[in-house]
Structure formats: structure tokens, C-alpha cells
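Student: So the sequence shown is numbered by our numbering: it starts at 4 and just counts up by one. We put the beta carbon where it would ideally sit given N, CA and C, even for glycine.
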Amino acid sequence: MADVDTLKAEAKKANAKATQAKMDLHDLSEELPTNWERILEVAQVAHDAHAALMAVRKQLADAQAA
Numbered sequence: 004m005a006d007v008d009t010l011k012a013e014a015k016k017a018n019a020k021a022t023q024a025k026m027d028l029h030d031l032s033e034e035l036p037t038n039w040e041r042i043l044e045v046a047q048v049a050h051d052a053h054a055a056l057m058a059v060r061k062q063l064a065d066a067q068a069a
């Protein structure tokens, strides 16, 4: 199992990526209908970033509980 400090660093990076992806999706929504073709692409990036964040948070919680 990964070191708790390593997981905390990974969680911090994943949180930053997820936050940026959220902001990109928000910015795209404000520009609609301009660039409407990018909705699925930007939404998929946001989805993947948040899924990765949740996975790291679960690993961190499991590591801290052990």
C-alpha cells in the first residue's frame, strides 16, 4: 500500500486537476452555443479527473484507517 504522505500529494495534484477541469467545463457552459461541439470532450475530461480524485481519496482513507 502506498505511503500516506505520497497519497496526500497525489490527492492534492488530483484535486488541482479536477478543479481545473470543473472550471473548464464551467467556462465552456458560459460560452454556449459557441464551441458546443466540445461539450462531450470537456465533460469527459472533467469526469475522468473527478473519478481519479475519488479513487485517490478512497486509497488515502483506506491507508489512514489501517
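Going by the CB atoms, is the gap between K25 and A54 shorter than 8 Å?
Tutor: No, the pair does not count as a contact, with Cβ atoms beyond the cut-off.
Student: Inspect the beta-carbon positions of L28 and A46 and report whether they are closer than 8 Å.
Tutor: Yes; because the gap between Cβ atoms is below 8 Å, this pair is in contact.
Student: Count the other CB atoms, across all protein chains shown, that sit within 10 Å of the CB of A17; report buried if there are 16 or more and exposed otherwise.
Tutor: So A17 counts as buried.
Student: Looking only at its own chain, which residues have a Cβ that is under 7 Å from the Cβ of R60, when we skip the five neighbours before and after it?
Tutor: If we look at R60 and ignore the five residues flanking it on each side, its Cβ neighbours are A14.
Student: Identify whether A19 lies in helix, strand or coil by the three-state DSSP scheme.
Tutor: Three-state DSSP puts A19 in a helix.
Student: Can you look up D6 in the DSSP assignment and give me helix, strand or coil?
Tutor: Coil.
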